[in-house]
Structures are given as C-alpha cells and as structure tokens.
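A.B. asks:
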Amino acid sequence: MKDSGRKIELKGYDDIFTPDAATATGEQVRQIPTDQLFPFKDHPFKVTDDQAMQDTVESIKKYGVLVPAIARPRPDGSYELISGHRRQHACELAGITTMPVIVRNLDDDAATILMVDSNLQRENILPSERAFAFKMKLEAMKHQGERSDLTCSQLGNKLAGKKSSEIFAEQIGESKNQVFRFIRLTELIPELLSMVDDRQMAFNPAVEISYLTKEQQQMLFQEIENCQATPSLSQAQRLKKFSQEGKLDEGVIMAVMSEEKKDIDKVTLPGETINKYFPKSYTPKQKQDTIIRLLEQWQHKRQQSQER
19 MKDSGRKIEL KGYDDIFTPD AATATGEQVR QIPTDQLFPF KDHPFKVTDD
69 QAMQDTVESI KKYGVLVPAI ARPRPDGSYE LISGHRRQHA CELAGITTMP
119 VIVRNLDDDA ATILMVDSNL QRENILPSER AFAFKMKLEA MKHQGERSDL
169 TCSQLGNKLA GKKSSEIFAE QIGESKNQVF RFIRLTELIP ELLSMVDDRQ
219 MAFNPAVEIS YLTKEQQQML FQEIENCQAT PSLSQAQRLK KFSQEGKLDE
269 GVIMAVMSEE KKDIDKVTLP GETINKYFPK SYTPKQKQDT IIRLLEQWQH
319 KRQQSQER
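Here's what the structure looks like:
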C-alpha cells in the first residue's frame, strides 16, 4: 500500500520565480532589475498614476508580481518590454527593484503584434490607445504578409485571399470599416485627440474631422476653444466636405461652428427620468459619462449589424 502520509511540498513565490523557473511552455522566467527594462518603442498604451495603478502597487507589495512580463533582448544587454509596462511602473512605486520576466527573441513585427494583443485585453482602453494600437498591429501584419518565411497558417490566410485588415478585424471581433475608422483618429492633432479621450468630442464627428489638414484642425481647435462647443456630426461632415473642395478656411470654420445646432441634434430628458436609472450617490458627471458610454456601445453594435 502506498504511503498516504507522504508530505507534499508546495513551492513559494521565491522558488517559482528563481532564475531557473520555467513556464508551461518551457520558457525560463528570469528576475530582471526594473532599471534594465525599457518601454517598447512608440508604445501606444498610457501608464498613468490613477487609482488602478495604486491598487496594482498595493497588490504587488502584498503578493509580488504574479504574472511575468515579456521582454526581448536589446543589443546593449538590457531589455525592451513587450508586455508589463504597468507592472514595471508599479514595482518602481512599490520600491521593488526586480520583477519576473520571460525573455523572447522576437523581430519587430512579431513583437509589435504580441505587444498590442497583450494590452488589448485590458478593460479600459482610451480611443487614442486603440487607434494607435490598431495602426501598429495592422502595419506589422502587412509586413509579415510580404515576407517569404511565412508559417503555414499565414500562407493559408494569404492563399485564401484575405487581406490583413480582414484577418485583424476577425481577431478582435470588429468590422473592417470600424478598424479603419479607429485608425483615422491617429490623423487628429493631439489637442483634438485628447478631447476624444476625455469624451468632450464624440467618436463619429472626430472621424470626419480627421480628414481635415493639420492646419485646418488647429484652426478648428481654436474655434472650439472660443465658442466652448464641439461640432456635431452634421457640422463635422460639412467641414470635411469644404476641406475636400478646397474651400475651408478660418472664416468658414467660424460660420459653421457659430450655427445653432438643429433640434434633432439635441435631446432633453427630465431629471426625474434620468435619476431613476442611477444610484443616488452618482454625480451629474458620472451620469453623463455612463449615458455617453452606453450610447456609443449601442451605436457600435448598430454599425456592426448594418455592415454584416
């Protein structure tokens, strides 16, 4: 009879993440000093000192870094982070000088795709982050499609006649048109893109405005500052049309933006109607942000159904 009293020794955190520790795929997990980890070039995802970051800091202080970061070696002996930028910053805030990292040798395109995919899993992603991430991954996928050392699966996709944008859209569960609409946001000047991130400007008007030249966008931003109002969708579409016709200047922008928005662009709901859907503790700003987010989700689903 087997010895049922045999002790089972469970490894602790320090044992799991020793220099010789390995993942399920056989890759080694190394403890690397945080000052030897450098951000991915043109990393589109922001690392901010918000409440979520503070929660991460407290978690790392208590439990350590439970999920290793991923990095690739740099010529000077340091490492370029592919995923784990927030964990690295949280370690620095927590006073922890090393963190567990899986080191992989990846080319630029493979590293870009992995970086985007690992960050798109986050819950809260700003429109600007999504826009630049979509652009970076799509470019990397196009480069891979042009290479001669493709894997069988990649060759299969190529032979099937699918474009990189179609494959990408399928991977993230979006329509191809929506992918390109997000990428259009990368053409906005920083001031206008920040307004989209801050929910001061809606997504659809922002896409239309992205077709304006940088100089025209700057003039528009100044007018938005002056009149304290952002263009409606219909106004943005007219600004785009004037720009494409070569007729958009400061005077035209002022004329369009000074127009009183049609009643169809404005919906007024009584306070008691809105309040019954929110907890009493919600501020007016929280209610507004929630309503905007729900409307954007509804509009996105509607666009998807129309494109199918």
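Take the sequence shown: its position 74, counting from 1, is numbered 92 in my numbering, and each next residue is one higher. We treat Cβ as the ideally placed atom computed from N, Cα and C, and that holds for glycine.
Taking R148 as the reference, which of R105, E192 and H161 has the closest Cα?
C.D. replies: For the purposes of this step, residue 148 is taken as residue 130 along the sequence shown, with counting starting at 1. Of the listed residues, the one whose Cα sits closest to R148 is E192.
A.B. asks: Which of helix, strand or coil does DSSP assign to I120?
C.D. replies: Position 102 of the sequence shown, counted from the start, is the residue given in the question as residue 120. In this structure, I120 counts as strand in the three-state DSSP scheme.
A.B. asks: Identify every run of the beta strand (DSSP E) within the segment 55 to 94, keeping only runs that are complete inside it and at least 3 residues long; order them along the chain.
C.D. replies: If we require 3 residues or more, the beta strand (DSSP E) runs fully inside the segment 55 to 94 come out as 87 to 91.
A.B. asks: Are the CB atoms of F56 and Y97 nearer to each other than 8 Å?
C.D. replies: The sequence position of residue 56 within the sequence shown is 38, counting from 1. The sequence position of residue 97 within the sequence shown is 79, counting from 1. Yes; because the gap between Cβ atoms is below 8 Å, this pair is in contact.
A.B. asks: Which whole runs of the alpha helix (DSSP H) in the segment 211 to 248 are 4 residues long or more, in chain order?
C.D. replies: With a minimum length of 4 residues, the continuous alpha helix (DSSP H) runs that stay inside the segment 211 to 248 are 221 to 227 and 232 to 245.
A.B. asks: For I50, name the three-state secondary structure that DSSP assigns.
C.D. replies: Sequence index remark: in the sequence shown, residue 50 carries index 32 (1-based). Correct three-state label for I50: strand.
A.B. asks: Buried or exposed for G102, going by 16 or more other Cβ atoms inside 10 Å?
C.D. replies: Along the sequence shown, read from residue 1 onward, the residue named residue 102 stands at position 84. It counts as buried.
A.B. asks: Is the distance from the Cβ of P91 to the Cβ of Q49 below 8 Å?
C.D. replies: For the purposes of this step, residue 91 is identified with residue 73 of the sequence shown, where counting begins at 1. For the purposes of this step, residue 49 is identified with residue 31 of the sequence shown, where counting begins at 1. For P91 and Q49, no; Cβs fall outside 8 Å.
A.B. asks: On the DSSP letters alone, give me the boundaries of the beta strand (DSSP E) that E268 sits inside.
C.D. replies: In the sequence shown, the residue the question calls residue 268 occupies position 250. Not the beta strand (DSSP E): E268 falls in the alpha helix (DSSP H), residues E268 to S276.
A.B. asks: Rounding to the nearest angstrom, what Cα-Cα distance links T317 and P51 in this structure?
C.D. replies: Counted from its first residue, the sequence shown places residue 317 at position 299. Counted from its first residue, the sequence shown places residue 51 at position 33. For the sequence presented, residue 317 should be read as Gln rather than Thr. So the two alpha carbons sit approximately 46 Å from each other.
A.B. asks: Once you ignore the five residues that flank C170 on each side, which residues in its own chain have a CB closer than 7 Å to its CB?
C.D. replies: Position 152 of the sequence shown, counted from the start, is the residue given in the question as residue 170. In this prediction, C170 scores a pLDDT of 37, lower than 50, which makes its location untrustworthy; the coordinate-derived value is nonetheless stated afterwards. There are no such residues.
A.B. asks: Which term fits T291, buried or exposed, when burial requires 16 or more other beta carbons within 10 angstroms of its beta carbon?
C.D. replies: On the sequence shown, residue 291 is found 273 positions in, with the first residue counted as 1. Answer is exposed; the Cβ neighbour count stays below 16.
A.B. asks: Could you tell me if D304 is buried or exposed, where buried requires 16 or more neighbouring beta carbons within 10 angstroms of its beta carbon?
C.D. replies: Locating residue 304 in the sequence shown gives position 286, counting from the first residue. With the sequence shown as reference, residue 304 is identified as Gln, and Asp is not the correct amino acid for it. Exposed, by the Cβ-count rule.
A.B. asks: Go to S261, then tell me how far its alpha helix (DSSP H) extends in each direction, as first and last residue.
C.D. replies: Position 243 of the sequence shown, counting from 1, holds the residue named residue 261. Per DSSP, S261 belongs to the alpha helix (DSSP H) from L251 to Q262.
A.B. asks: On the DSSP letters alone, give me the boundaries of the alpha helix (DSSP H) that E110 sits inside.
C.D. replies: In the sequence shown, the residue the question calls residue 110 occupies position 92. It spans H103 to A112 - the alpha helix (DSSP H) in which E110 sits, taken as one unbroken run.
A.B. asks: Go through its chain and collect everything with a Cβ distance to A151's Cβ below 6 Å, but skip five positions before and after it.
C.D. replies: As a working mapping, residue 151 is identified with position 133 in the sequence shown. Contacts found: P62 and V134.
A.B. asks: Determine the extent of the alpha helix (DSSP H) in which T130 is found, giving its start and end residues.
C.D. replies: In the sequence shown, the residue the question calls residue 130 occupies position 112. Note, T130: alpha helix (DSSP H), D126 to N137.
A.B. asks: Could you tell me the distance, in whole angstroms, from the CA atom of I34 to the CA atom of V85?
C.D. replies: Position 16 of the sequence shown, counting from 1, holds the residue named residue 34. Position 67 of the sequence shown, counting from 1, holds the residue named residue 85. Here the model assigns I34 a pLDDT of 38, short of 50, so the residue's position is not dependable, and the following value carries that caveat. Cα to Cα, the separation comes out at about 11 Å.
A.B. asks: Among Q236, D68 and E76, which has the Cα closest to the Cα of N142?
C.D. replies: In the sequence shown, the residue the question calls residue 142 occupies position 124. Measuring from the Cα of N142, the nearest candidate turns out to be D68.
A.B. asks: Assuming contact is defined by CB atoms lying nearer than 8 Å, are M71 and R105 in contact in what I supplied?
C.D. replies: In the sequence shown, the residue the question calls residue 71 occupies position 53. In the sequence shown, the residue the question calls residue 105 occupies position 87. No; because the gap between Cβ atoms is not below 8 Å, this pair is not in contact.
A.B. asks: Hey, could you find the ends of the alpha helix (DSSP H) I185 is sitting in?
C.D. replies: Locating residue 185 in the sequence shown gives position 167, where the first residue counts as 1. S182 to I190 is the span of the alpha helix (DSSP H), which, as asked, contains I185.
A.B. asks: If I follow the unbroken alpha helix (DSSP H) through I207, where does it start and stop?
C.D. replies: Start at 1 with the first residue of the sequence shown, and residue 207 comes out as number 189. First-last for I207: undefined, no H or E at that position.
A.B. asks: Between L237 and I185, how many whole angstroms is the CB-CB distance? I'm expecting something under 8 Å.
C.D. replies: Residue mapping note: residue 237 aligns to position 219 of the sequence shown, counting from 1. Residue mapping note: residue 185 aligns to position 167 of the sequence shown, counting from 1. The question names Leu, but residue 237 is Met in the sequence shown. The Cβ separation is near 39 Å, so there is no contact.
A.B. asks: So, are the CB atoms of V14 and R256 less than 8 Å apart?
C.D. replies: Not covered by the structure: residue 14. The range shown for the chain is 19 to 326.
A.B. asks: In or out: D125 buried (at least 16 other Cβ within 10 Å) or exposed?
C.D. replies: Translated into positions along the sequence shown, residue 125 becomes position 107. Classification for D125: exposed.
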